[in-house]
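In the numbering used here, the protein residues as written are 3 to 184.
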C-alpha cells in the first residue's frame, strides 16, 4: 500500500517524481533507492526487486529517458525526475514492444520482463542517437542493430529462464518492423 506523507523527519525528504506520466509525491529516508520509493512508497510494482545490487536488471526503468537500474539510484538525488516503468511503456509507449515479447515467447516466468522492456526502449533510443557499444565494429558509422549488438546492449538484464534467443528475436522484429515472429 502506498504511504504518502508531507511531514519529513530528520533523515527524510519529500520528493516529487513524475511516474508513468503522473506526478507523485512521497517522503523517503535519504537512503531510499528509486526502486524502493516506487514499490514501497508509491505502490508501483512493475520494476522488480531482483538482486538489489545492480547486477540483474530486473529493476530497470527509464529515468529522464535513460535506462538505469533503479536499485542503485537514490531517490532524493532525482527529485523532480521523470520515471517510466514497463507499465508506462505498455500504457503510452510502443505497444509493439510488449506485443513482440508475447509473440516471440521472449519470457517464461516473466519476472525479468519489465526490466527487459525498459532496457530495450533505452537500447533503441541509444541506437537512434548513434551511440556505439563495446561490439560496434566501426565507430565512425552509426551502429547497425545486429544480434551481437542486441546481446551486448541487453547484457545488463539477466533472464533466469534463459529466454535470450527469443528476446533477441523479439527485439530484432521490433527494430525491423516485421510482422510476426517465426
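Just so you know, even glycine gets a beta-carbon here, dropped at the ideal spot from N, CA and C.
Residue range of the beta strand (DSSP E) that residue i falls in?
i: residue 20; result: 14 to 21
i: residue 153; result: Taken as a continuous stretch (DSSP letters only), residue 153 belongs to no beta strand (DSSP E), being part of the alpha helix (DSSP H) at 149 to 155.
i: residue 2; result: This structure cannot settle anything about residue 2, because the visible part of the chain is limited to 3 through 184.
i: residue 119; result: That residue, residue 119, is in no beta strand (DSSP E); its alpha helix (DSSP H) goes 115 to 130.
i: residue 64; result: 62 to 65
Assign residue i to one of two classes, buried (16 or more other C-beta atoms within 10 Å of its C-beta) or exposed (fewer than that).
i: residue 50; result: buried
i: residue 176; result: buried
i: residue 151; result: buried
i: residue 121; result: buried
i: residue 62; result: buried
i: residue 155; result: buried
i: residue 52; result: buried
i: residue 118; result: buried
i: residue 130; result: exposed
i: residue 13; result: exposed
Within the same chain, show all residues whose beta-carbon is closer than 7 Å to that of residue i, passing over the 5 residues directly before and after it, in chain order.
i: residue 48; result: 87, 88, 89, 116
i: residue 82; result: 18
i: residue 134; result: 141, 145
i: residue 188; result: The shown model of the chain, from 3 to 184, leaves out residue 188, and the question about it has no answer.
i: residue 147; result: 129, 177
Residues in its own chain within less than 6 Å of residue i by CB, not counting five upstream and five downstream?
i: residue 108; result: 165, 168, 169, 172
i: residue 161; result: 114
Output needed for residue i: all residues of its chain with C-beta closer than 8 Å, excluding positions within five of it in sequence on either side, in chain order.
i: residue 35; result: 72, 73, 74, 75, 76, 77
i: residue 8; result: Note on residue 8: pLDDT 49, under 50, position unreliable in the model; the coordinate value appears next. Excluding sequence neighbours, residue 8 sits near 16, 27, 29.
i: residue 269; result: The question about residue 269 has no answer here: the residues shown for the chain are numbered 3 through 184.
i: residue 41; result: 47, 49, 51
i: residue 32; result: 13, 14, 15, 76, 78
i: residue 149; result: 170, 174
i: residue 159; result: 58, 59, 60, 62, 114, 117, 118, 121
Could you give the first and the last residue of the continuous alpha helix (DSSP H) run that contains residue i?
i: residue 159; result: Neither: residue 159 is in no alpha helix (DSSP H) and is coded neither H nor E.
i: residue 177; result: 166 to 178
Extract the residue ranges of the beta strand (DSSP E) inside the segment 72 to 100, only unbroken runs of 3 or more that lie entirely within it. Taken in chain order, the unbroken stretches of beta strand (DSSP E) that lie wholly in the segment 72 to 100 and span 3 residues or more are 84 to 86.
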